Amino acid sequence: MSVTQPDKDRRLLPRWQPSQISIAAGELTQIGTNQRRKLEDVYFEERKREWEQTRALEVAAELVGSAIVLGRVNEVEAAAQLIADANSDATSTLREMALQALGITQKNLSPTILHKPAPDLNKARIYAEISALRGYLHEYPRNILEWVDLARLYTVLGQNDKAERAIKFALILAPEDRFVLRCAARFYVHIGQADHALALLQRARATKVDPWLMAPEISVALVANRSSKMAGLARKELKNKIWSPRNRSELEGALGTLFLEEGANTQARQLFRSSLDEPTENVLAQAQWAVERTTGFVIPDKHFKLPASYEAHALRYRAAGKWDRVIENCWYWAEYEPTSSRSMMMGSYAASIAFEDGPTIIQFSSRGLEADPRNPILLNNKAVGLAYKGDLEQAWETLREVVIEQVPDLSQPALYATMGLLYFRSGDFENGRAFYEKAITHPYSRKESRTRALALWHLVREEAHAKTKEFPRALERAQQATKDMKFPEIAAIRASLPK
Amino acid sequence: MTTPKEQLEGLELQDGWRVLQRLPRGQTDTGGNFSAGYIVESPSGKKCFLKAIDFSDAMKAQDPARALQILTEAFNLERDILNVSKRMSCVVTAITDGKVAVGDPATVSVVQYLILELAEDSLRRMAVPSKRLPMSLALGALHNVANGLRQLHQQQIAHQDTKPSNVLKFDDGQFKVADLGRASIKGRAAPHDNLEVAGDKAYAPPELLYGQVDAEFIVRRIGADAYLLGSLATFLIVGTPMTALIISELDPAARPDAWQATYAQVIPQVLPAFARSIERVGREISPDAPYRDELLLCIKQLCEPDVSKRGHPRTRAIMASSGNIYNLERYVAIFDKLAFSARIFEQRQKVK
């Protein structure tokens, strides 16, 4: 076969976005026990009176400055307008501030990708950003958000050693900071050190009180195949309903995933439903993932209007068998979350299953390999893309970079099937069948029926392409084995068979 | 209806002082809600500034006894501080104080007053956007203000309300720090001690706006003075204090009026906002100006949002174990040097 099923075990790990995007998304807003501060000031009232009397620019400047500090900009519109006037004597900074107070200029911090993403990673832009950040950090070495941003850019380029140095620096400066801990956990999972990520989260005192840290602790524990220390406390605190829907959303999604894995479907459904009260796009994607793994849980359409919910859309279109839309959303998702290779895996998967589109598979997997050069699934997918394109020599070379016996069990059937594909396309049908058989009978395929179904149907496709006598038997076998299965991939492969 | 403190015009005070003219509120700049300003003349013909405080104003308060106590304590504190500051060259000093009876015999009220040096102008009126202050003059003012604050700090006094309207220019060209109504002396209770921000919130350091009030006098009050000096420098360059710049750079959810967690938790967001503010200030200074980098560095050090890292690094290192880590002595010298450099730069620009 070609590629491994993506997102079989999706975990609700934090998205690693630039700090300014995370701030705008409210992910850094702390849960405090303090009351909102009432910033009253006698000077403000005096300035308002003076402004009414004088209408002078200097008074306007002082009044608008006060209003920004006190959070009362809605009371000083006329003063802000005077400063913002292009003919005023105000400095450009003062004018910018006034325009901001008037709500005319706002930083564009929307996470939505407005341009159509290009398949190639814009390395020149990333290097320029790194250079600017390094200069900035030389000047402001204690600014932890920028250390994390720097680590993110290095991760996008696959320079994990440099990324780790930057992350460690941020952790030294702020070992209890939510943003640092979430991104550090995401990074260590990315480089295959889930145990270390879990230790970081479990060591932090903040994790015991912050739902935004409890959530990754539960998810990372699942990745590391370890017990969560927070799951019990999280359940208790969720029952107390002390957090706002936004603050509990990710925790409910993470806990719902844990329950789903444990087979407690009713509790999982309840949590997923509740997580959608005010979800992030990441929580929405997790809920969409859960839809396919439980019954009686439907996500209302309104949620899919969330900005940047590319992954959720890709998962939804995949379930509906709309493969072209899956590919489209995967490109946007890749642009939105360039540190993760999952978008590239799913994009190449969709291009393979429905279209046997070699160039697109190669584009997705090559981009994924930039950040994660030794990822066996991406290497496997690239080999598949090259085979579909007819470049068998390169395909064999790519696949040789993977030692099948050393990769996790769940990826092995796909790699054996890809061996089968390459033999088939090389004209060696006997070896091709043998390797497909290895994929079909692999212990993992025996317990995971979808993996087995994919291997069976990919064999059918190769027999059909090669126009062998074995085709009817392979088809009969695959149909028999999957007759009760609801799996959109089967319909897609069937539709791609030569008439 | 006029209050007793507003009825001093034309009166003769003790020691032969004559009250000439009441100053309208905007024109006096310094002062609080319970005071009125006048121009007075000494028997020798020297004109001075009179600040009149009317204790009967306290009777209009909801809790008159408490208001009277606060007013009395504030007046006594300011008078005592002014007495201490008499030998300070860069702080507006008190010439004398006294009381005067106002009104008819049936409704007589006593107005207490302070007579202070009369300034020519205030930095607030001088540094208006339409006539930008030359940098040589602005840096000269900063040199004087740094010196005035240093002189106060040596006597364990924190000013806590340094802003353009509280910096006055005298006819000899010298600038002085004025209005000690919000000042505190170490070890002595002040009526505004309970306020998180003693002075004007628009100029206040961010830690105080977020409610991080250190128990240490030096950190809480002298540290705030260091910030206010840097914020004043920002005002002279940009036209607005550093506080407004930082807060305008913050996400609305992280601003003091919305933030519900601690200051330590918001610092990771305040630091980049501060860095962007410094960048904005830098854009307002000519790239050719020889003082540009050092002036920006001074502002960066003085307005540092992390109060433990505020001030000159060398001073902090030397004074870490004892004394005032925010000692402004280095800035007195630096601003003087920069003012000189700015003068030469401006002369060269004129020749060109």
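As given, the protein sequences belong to chains A and B, one line each in that order.
If you count by numbering that gives the first Met the number 0, then the first sequence holds residues 0 to 498, one letter each, in order.
If you count by numbering that gives the first Met the number 0, then the second sequence holds residues 0 to 351, one letter each, in order.
Quick reminder that beta carbons are idealized off the backbone N, C-alpha and C, glycines included.
Values in this document were obtained by computation on a predicted structure and should not be read as measured data.
Beta carbon of residue i nearer than 7 Å to that of residue j
i              : j              : result
G384 (chain A) : I352 (chain A) : no
V155 (chain A) : I125 (chain A) : yes
H457 (chain A) : A416 (chain A) : yes
R151 (chain A) : P210 (chain A) : no
M343 (chain A) : A313 (chain A) : no
S121 (chain B) : S164 (chain B) : yes
P205 (chain B) : P271 (chain B) : no
G9 (chain B)   : V90 (chain B)  : no
L76 (chain B)  : A57 (chain B)  : no
T467 (chain A) : F428 (chain A) : yes
Y443 (chain A) : L409 (chain A) : yes
L378 (chain A) : E400 (chain A) : yes
T239 (chain B) : Y202 (chain B) : no
I298 (chain B) : F273 (chain B) : no
A267 (chain A) : L259 (chain A) : yes
Three-state class that DSSP yields for residue i in the structure shown
i              : result
R399 (chain A) : coil
R21 (chain B)  : strand
S34 (chain B)  : strand
L212 (chain A) : helix
T293 (chain A) : coil
L231 (chain B) : helix
D483 (chain A) : coil
L113 (chain B) : strand
I324 (chain B) : coil
L249 (chain B) : coil
G97 (chain B)  : strand
E277 (chain A) : coil
D53 (chain B)  : strand
S226 (chain A) : coil
S108 (chain B) : strand
E310 (chain A) : helix
V352 (chain B) : Outside the shown range of chain B, which is 0 to 351, sits residue 352 (chain B), and nothing can be said about it.
V265 (chain B) : helix
C302 (chain B) : coil
E11 (chain B)  : strand
Cα-Cα separation between residue i and residue j, rounded to whole angstroms
i              : j              : result
L294 (chain B) : F334 (chain B) : 8 Å
V83 (chain B)  : T161 (chain B) : 18 Å
S135 (chain B) : L235 (chain B) : 11 Å
G266 (chain B) : V297 (chain A) : Checking the sequence, you will find Ile at residue 266 (chain B) rather than Gly. Each residue's alpha carbon lies about 41 Å from the other.
Q269 (chain A) : Q362 (chain A) : 39 Å
Q285 (chain A) : F271 (chain A) : 8 Å
P471 (chain A) : R292 (chain A) : 32 Å
T206 (chain A) : F178 (chain A) : 12 Å
G36 (chain B)  : R219 (chain B) : 31 Å
A83 (chain A)  : L69 (chain A)  : 20 Å
R282 (chain B) : T233 (chain B) : 12 Å
I343 (chain B) : L132 (chain B) : 16 Å
I143 (chain A) : S18 (chain A)  : 10 Å
A263 (chain B) : T92 (chain A)  : 28 Å
V402 (chain A) : L249 (chain B) : 50 Å
S112 (chain B) : G198 (chain B) : Note that residue 112 (chain B) is Tyr in the sequence shown, not Ser. So the alpha carbons of these two residues sit roughly 22 Å apart.
T29 (chain B)  : N73 (chain A)  : Since pLDDT at T29 (chain B) reaches only 45, below the 50 mark, its modelled position is unreliable, and no value is offered.
S243 (chain A) : P251 (chain B) : 18 Å
F216 (chain B) : L207 (chain B) : 13 Å
R245 (chain A) : L283 (chain A) : 12 Å
P372 (chain A) : K161 (chain A) : 15 Å
Y153 (chain A) : R185 (chain A) : 14 Å
Exercise for the section: May I ask you to list, following chain order, the residues of the stretch 79-105 of chain A that have a beta carbon less than 8 Å from some beta carbon of chain B? Expected result: S87, D88, A89, T90, S91, T92, L93, E95, M96, Q99, A100
Handout entry: Length at least 3, wholly inside the stretch 117-202 of chain B: the beta strand (DSSP E) runs in chain order
Key = 166-168, 174-176
Problem - Near-chain A residues of the stretch 178-207 of chain B (beta-carbon distance less than 7 Å), N- to C-terminal order - result: D199, K200, A201
Exercise for the section: Select from the stretch 266-297 of chain B all residues with a C-beta closer than 8 Å to any C-beta belonging to chain A, and list them in chain order. Expected result: P267, Q268, L270, P271, A274, R279, V280, R282, E283
Exercise for the section: Taking a Cβ distance cut-off of 7 Å, strictly less, list which residues of the stretch 220-249 of chain A are near chain B, in chain order. Expected result: none
Exercise for the section: Using a Cβ-Cβ cut-off of less than 8 Å, list which residues of the stretch 261-290 of chain A approach chain B; keep chain order. Expected result: none
Practice task
Please name the residues in the stretch 221-235 of chain B whose beta-carbon is closer than 7 Å to at least one beta-carbon of chain A, in chain order.
Solution key: none
Practice task
Identify each residue in the stretch 101-132 of chain B for which the Cβ-Cβ distance to at least one residue of chain A is less than 9 Å, and report them in chain order.
Solution key: R123, R124, A126, V127, P128, S129, K130, R131
Practice task
Could you tell me which uninterrupted alpha helix (DSSP H) segments, each at least 4 residues in length, are contained entirely in the stretch 1-86 of chain A, listed from first to last along the chain?
Solution key: 18-23, 41-53, 56-69, 76-83
Practice task
Please list the residues of the stretch 63-74 of chain A that have a C-beta atom closer than 9 Å to any C-beta atom in chain B, keeping them in chain order.
Solution key: V63, G64, S65, A66, I67, V68, L69, G70, R71
Handout entry: Residues from the stretch 133-157 of chain A in contact with chain B, defined by Cβ distance under 8 Å
Key = Y135, E138, Y139, R141, N142, I143, L144, E145
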